[in-house]
Amino acid sequence: MLESLDNTNEVDNLNEILKVRREKLKELQENNKDPFNIVEYDVTNSTSQITDNFDEMEGEFVSIAGRLMSKRGMGKASFCDIQDREGRIQLYVRVNEVGKEVYEDFKKYDIGDVIGAKGNVFKTHKGEISVKVDSISLLAKSLQPLPEKWHGLKDVDLRYRQRYVDLIVNPEVKETFITRTKIIKAIREYLDERGFLEVETPLLNVIPGGAAARPFVTHHNTLDMELYLRISPELYLKRLIVGGLEKVYELGRMFRNEGLSVKHNPEFTMIELYEAYTDYNGMMELAEGLVSSVAMQILGTVNIKYQDLDVNLTPPWQRLSMIEAVKKYTGIDFDEIKSHEEAIRVGKEKGLEVKDNMKWGEVLYAFFEEFVENHLMQPTFIYDYPVEISPLTKRKPDRPELTERFEIFITGREMGNAYSELNDPIDQRERFIEQMKKREEGDEEANMIDEDFINALEYGMPPTGGLGIGIDRLIMLLTDSYSIRDVLLFPTMKPKA
């Protein structure tokens, strides 16, 4: 009952605050001081430029703008803090400098208001770098109060829904997204310097291909046909390899109609790249070089900490075949298992949910997912995947039941996927046919037959290595973020009822 009363009081207090702020705005508008009529404000410096270069800027006249975060005083002189994208700085506002009318208006400013100030840089007697203001302006009125208590699990959902407020009151969140931008820029620079060409391919696909995932479906009215939001740009990028571009990449949004978790969001960012005349070994070298170089450029080290785990990104990374990894962590040697039936029997003995129609390679992969992934904390390449789960990958010449494919695992999470790309159009058609059988059996994630892609392969695609890396997961790693929602500005959320 007491808690209910407290909540009622909080709501009443909030309603009163909202009312007062709207009344202040109305008063400003009635006095021809509507802040929303201001269209521009000349900003000459950021807060960090002033604080980081005080020795050079002391006494300089500056014009800054930002959000009012605190106020102190209110006699004939006041201190306040404003915050811009790069930090905070203190303002010293005196009635003798700005004038009585402006000062009285300033006293009515609310925390959260957007303001502009002009004046000279100085340092207070307490040694705090500040701006002595000679003019101050209200640039936008905040009609909602900033939260006083924002941290804590009870507010996590609200933080994701109202990221704009999260960015205002939590500086570390803002820093995460600034770092995200720097990481993406560093990835592009690494590939551009190595001769890769950044390209754009369709987001709307006639056939969803390039990955095992359930697509989002939409409808084009003029053509009266179903289209799919892309789950991967792979098949288009390989068409460009056929066309002779030789080194291409695309960094952008993908869409998969899947569940939500700390690792999954239906809309996410991925990079895929393809290079002619190399294979999955070349992609291993490229992947570990890219990730370690980006870490060094952004963080200044390849020895990082993720959720209290020390991770060393220094190349070369550990390499284990899937068969070796399963044997290491379960004692089961799939090199000794010669039939689908035997694989199913062993799987059932280990407690796996295996179906009677599963094949040797599918059971091997089930073992890996259940018993191995969570052990792969340090950067590891797991290579030589079964052909049954790798429909776009070249077979190993000496082991046709396996493919030249690897995945990257760090902190027990899959970070990337790569192949020696299948370039045999006849084999590719047969793989697509097998995938279509799975679709007919109810597997909505199985690939469809892409006739135009097969046609492209028939013109001849050179030996090619391909690599895809989940950008959001990489950013999670390099910013020590637990959930994918912590690195997406606007994660997918179920609307509130």
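In my numbering, the protein residues as written are 509 to 1005. Built from N, CA and C at the ideal position, the CB exists for glycine as well.
query: Ile-1004: first and last residue of the uninterrupted alpha helix (DSSP H) it sits in; result: The amino acid occupying residue 1004 in the given sequence is Lys; Ile does not appear at that position. Per DSSP, Lys-1004 belongs to no alpha helix (DSSP H) and is neither H nor E.
query: beta-carbon Ala-784 near the ligand HEM non-hydrogen atom, thresh 6 Å; result: With respect to the ligand HEM, the structure offers nothing, as it holds no ligand at all.
query: Counterpart residues of Asp-818 in DSSP-defined beta bridges; result: Lys-813
query: Local conformation of Arg-738 per DSSP, three classes; result: coil
query: Close Cβ partners of Thr-972 (< 6 Å) along its chain, the five nearest in sequence each way excluded; result: Ile-749, Tyr-782, Ala-784 and Glu-929
query: Inter-residue CB distance, Glu-775 and Thr-709 (contact presumed, cutoff 8 Å); result: 17 Å between Cβ atoms; not a contact.
query: Pairwise C-alpha distance: Ile-977 and Asp-550; result: 42 Å
query: Beta-carbon proximity list for Leu-705, same chain, < 7 Å, skipping 5 on both sides; result: Leu-753, Lys-755 and Val-756
query: Euclidean distance between Cα positions of Ile-779 and Gly-703; result: 16 Å
query: Any C-beta of chain C under 7 Å from that of Trp-825; result: This model lacks chain C altogether, as it is built from one protein chain only.
query: Local Cβ density within 10 Å of Pro-716, reported as buried at 16 or more and exposed below that; result: buried
query: Cut-off 6 Å between Cβ atoms - residues of its own chain near Lys-631, not counting five sequence neighbours on either side; result: Ile-637
query: Integer Cβ distance of Asn-773 from Pro-999, believed to fall under 8 Å; result: 5 Å
query: Presumed contact (8 Å Cβ cut-off) between Val-603 and Tyr-611, rounded CB distance; result: 4 Å
query: Member of Glu-861, Val-834 and Trp-868 whose CA lies at the smallest distance from the CA of Glu-850; result: Trp-868
query: Check whether Gln-943 and Asn-955 have beta carbons under 7 Å apart; result: yes
query: Residue from Val-629, Ser-578 and Lys-615 whose Cα sits closest to the Cα of Leu-654; result: Ser-578
query: Opening and closing residue of the alpha helix (DSSP H) in which Pro-933 lies; result: 933-948
query: Spatial neighbours of Asn-628 in its chain, beta-carbon cut-off 8 Å, leaving aside the 5 residues before and after; result: Gly-567, Glu-568, Phe-569, Val-570, Val-639, Lys-640 and Asp-642
query: Separation of Glu-683 from Leu-646, as counted between CA atoms; result: 26 Å
query: Whole runs of the beta strand (DSSP E) within the region 664-747, excluding any shorter than 3 residues; result: 725-728 and 733-737
query: Whole-number beta carbon distance between Leu-975 and Leu-794, since they are thought to touch under 8 Å; result: 6 Å
query: Secondary structure of Asp-520, DSSP reduced to three states; result: helix
query: Same chain, Cβ closer than 6 Å to Gly-660, five either side skipped, listed in chain order; result: Unreliable placement is indicated for Gly-660, whose pLDDT of 40 sits below 50; no coordinate value is reported for it.
query: Spatially closest choice to Glu-922 from Lys-616, Glu-896 and Ile-890, by CA coordinates; result: Ile-890
query: Pair within 7 Å by beta-carbon distance, Lys-1018 and Ile-992; result: Outside the modelled stretch of the chain, which goes from 509 to 1005, sits residue 1018, for which no answer is possible.
query: Simplified DSSP state of Ile-623, which is helix, strand or coil; result: strand
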